[in-house]
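Worksheet: the structure to be examined is printed underneath.
Residue numbers (UniProt numbering): 1 to 696.
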């Protein structure tokens with residue numbers, strides 16, 4: 001009867017029990033906790049692949065055999081907020097015989113203070129908890145006198161030679177292969193498991209292991225071998241590159257017909273783990289697979305990366321507002337090694353602070369924070385913007401204490417607002433001045449100013465709040481419509497130069513002062529380089545191994561500045577010119593009006609006034625010239641510009657003579673005519689209004 005009630009799951013458990021070796025000391029400590037709960041909480045830490053998850057699985061089996069209720073929480077699948085974590089672990093709070101097992105806690109590390117100060121103390125007496133992660137516990141937790149005798153910290157190490165040999169025997173590896181495998185793996189449990197799978201599959205044949213090379217990178221080709229088909233190989237590569245692989249992602253990468261089969265095949269691989277969100281490889285295998293593909297087939301790696309990027313980008317755009325930050329973080333995971341990303345982003349930020357709208361009750365605290373970090377003048381400016389754009393403000397609450405520790409404000413303005421804030425906020429005055437000089441807003445366009453990012457303990461330095469502020473800004477840019485300029489405001493100390501310029505946020509020439517502090521605006525005109533093309537350029541740079549200039553911010557600034565002008569003519573359907581650039585282009589176009597090969601190179605060819613008119617640049621110019629006839633005294637200006645550029649004579653003196661005008665009068669009429677033509681074209685460039693009547 002027992003065999004009739006058996007399941008595949010019970011077979012898996014039995015097989016794992018038979019294969020498990022070592023960890024005698026850790027098991028003894030856990031059994032002691034089960035028997036009398038004298039030390040109810042254990043913190044298990046060690047590097048990836050060291051066997052933490054396997055040991056927790058063993059703990060779970062022993063706890064169930066002892067009649068305990070097992071509650072498992074996986075940091076890879078739980079949203080790292082106090083509310084979601086507490087919900088996932090709620091059963092442990094209701095049962096004094098519960099055993100709470102928390103795996104992959106490094107993904108929730110930001111919750112650590114909340115965990116030991118607020119959640120774990122709520123466990124009923126008799127319950128046992130084990131936390132497993134890569135990072136050692138906070139020293140403040142270990143030093144807390146209240147936790148003395150209640151917490152034991154266990155650093156998990158590689159298996160000693162005796163246990164490692166027993167591990168290989170349990171996996172069926174022939175004795176003749178042991179020495180080379182032990183030498184190669186160093187007792188790392190994950191490497192041992194992968195090596196054992198290769199050795200058994202190869203019939204025990206000894207291979208030329210090279211212990212001086214990276215364990216997993218060398219082992220990977222032996223493990224993966226030749227997948228059944230090219231599609232199976234691609235499925236492995238997709239799973240290694242993505243944060244988590246769902247069947248939906250697999251469909252996007254390989255197509256509807258093959259996705260289900262490949263997803264099922266991945267689940268059977270010994271180095272693939274399953275979570276509620278999908279599949280992922282062990283970390284060392286992930287990195288090795290990614291590196292192997294990039295080395296072996298750089299073109300294939302680039303194609304896969306771009307395809308996956310497009311899928312994740314669309315997810316960011318479509319995500320509900322409450323999930324936008326998470327979606328942005330998953331997309332940025334693909335770029336975690338690009339430029340200064342590792343230095344300027346705190347990847348567990350969502351577990352450290354919560355991003356919430358600024359409520360009326362939060363206003364006093366926001367003003368306190370900015371006055372502490374920037375002074376009374378900035379506090380007055382914050383109150384000004386809170387009165388006008390309260391929705392622009394977000395606050396960051398500690399997940400441990402619930403207290404507001406930081407805030408950010410991103411102001412969104414349009415041409416309908418006019419230069420709002422100029423007379424109150426020097427930073428906004430600088431932003432509007434830059435916009436007027438280098439590319440005013442057009443009808444329906446908006447500009448965004450990341451005006452405040454204030455976290456006094458780490459003011460304008462990488463932290464959880466500044467990370468989430470960056471993610472929110474990026475997400476809103478990706479989702480925005482008719483965005484023109486985007487500005488970021490930082491203290492003028494150079495700290496952010498290299499990072500921001502790597503992402504084409506270039507410093508403006510104005511340095512506004514507020515109180516005792518001077519600030520710098522970094523700006524990007526998304527009309528000159530739209531989001532899609534900018535992301536494509538960043539992707540190409542990363543795939544080519546591009547990064548920040550190693551010679552420092554000065555060289556980076558020079559390179560970025562020189563590249564900026566080039567971008568205006570080679571990126572995007574439209575070129576965005578400043579007013580001085582536009583006027584110069586009009587003058588050049590008039591001078592070359594009868595020389596088509598020169599006119600074809602004029603930047604106005606890709607200006608809005610030409611592209612959206614559907615006419616040639618020459619016809620647009622002639623239309624603007626003819627429009628002078630509709631103006632008061634426009635006939636004189638029309639005759640002067642026509643005699644000079646439309647039906648030119650050999651010299652301007654000859655043109656003046658043809659018109660019967662003194663040369664000085666002719667020059668005055670011509671100058672005014674050129675200015676009016678430029679004014680008319682500039683108005684159409686900004687407004688899109690079809691005010692010109694050109695030749696059909």
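Each residue gets a CB set at the ideal place from its N, CA and C atoms; glycine is no exception. Predicted model only: the values in this text are computed from it and were never measured.
- In the three-state scheme derived from DSSP, where H, G and I count as helix and E and B as strand, residue 525 is classed as strand.
- For residue 606, the closest of 575, 369, 483 by C-alpha to C-alpha distance is 575.
- Here residue 90 is not near residue 69, since their CB atoms are 7 Å or more apart.
- The C-beta separation of residue 425 from residue 487 comes to about 12 Å, leaving the pair out of contact by the 8 Å criterion.
- Assigned with DSSP and collapsed to three states, residue 50 falls in coil, not helix or strand.
- Sorting 335, 375, 62, 161 by C-alpha distance to the C-alpha of residue 514 places 375 at the top.
- Note that the stretch 458-467 does not touch the stretch 427-445; fewer than 3 beta-carbon pairs, one per stretch, sit closer than 8 Å.
- The stretch 243-317 contains, as complete beta strand (DSSP E) runs of 3+ residues, the segments 272-275, 278-281 (chain order).
- Annotation for residue 613: 620 place their beta carbon closer than 7 Å to its own, counting only its chain and skipping 5 residues before and after.
- For residue 152, the beta-bridge partners assigned by DSSP are 42.
- Apart from the 5 residues on each side of it in sequence, residue 298 sits with its Cβ closer than 8 Å to the Cβ of 543 in its chain, given in chain order.
- In this structure, DSSP gives residue 507 an extended state, which the three-state scheme calls strand.
- Going by C-alpha positions, residue 115 is about 34 Å away from residue 478.
- Sequence-distant Cβ neighbours of residue 226 in its own chain, meaning closer than 7 Å and more than five residues away, do not exist here.
- By alpha-carbon distance to residue 43, the top candidate from 13, 120, 8 is 120.
- Secondary structure within the UniProt domain "AAA+ ATPase" (38-183): the beta strand (DSSP E) runs of 3 or more consecutive residues, fully enclosed, are 41-45, 69-74, 98-103, 128-133, 151-155 (chain order).
- As computed with DSSP, residue 412 is found in a beta bridge with 448.
- Contact annotation, residue 333 with residue 249: C-beta distance approximately 13 Å; criterion of less than 8 Å not satisfied.
- Its Cα nearest to that of residue 443, the residue 484 stands out among 460, 484, 470.
- Within its own chain, no residue has a Cβ closer than 6 Å to the Cβ of residue 79 once the five positions on either side in sequence are excluded.
- Residue 82 holds the alpha-carbon nearest to the alpha-carbon of residue 109 among 100, 129, 88, 82.
- In the structure shown, residue 483 falls within a strand segment according to DSSP collapsed to helix, strand and coil.
- The continuous alpha helix (DSSP H) containing residue 438 extends over residues 426-438.
- By the CB criterion at 7 Å, residue 129 and residue 100 fall inside the cutoff.
- Separation of the CB atoms of residue 400 and residue 117 is rounded to 6 Å, and the pair is thereby assigned contact status at 8 Å.
- CA-to-CA, the gap between residue 133 and residue 357 works out to about 32 Å.
- Bounds of the beta strand (DSSP E) holding residue 395 are 393-398.
- Rounded to the nearest whole angstrom, the C-alpha separation of residue 489 and residue 452 is 7 Å.
- With respect to the 7 Å criterion, residue 602 and residue 589 are classified as neighbours on the basis of their beta carbons.
- With contacts defined by Cβ atoms closer than 7 Å, residue 449 and residue 431 form a contacting pair.
- Nearest C-alpha to residue 244 among 258, 233, 38, 263: 263.
- Beta-bridge analysis with DSSP links residue 355 to 396.
- Approximately 6 Å separates the beta-carbon atoms of residue 472 and residue 325; this is inside 8 Å, confirming the contact.
- Contact annotation, residue 21 with residue 170: C-beta distance approximately 6 Å; criterion of less than 8 Å satisfied.
- Its chain contains 373 as the residues whose beta carbon lies nearer than 7 Å to that of residue 459, once the 5 sequence neighbours on both sides are disregarded; these appear in chain order.
- Beta-bridge pairing by DSSP links residue 345 to no other residue.
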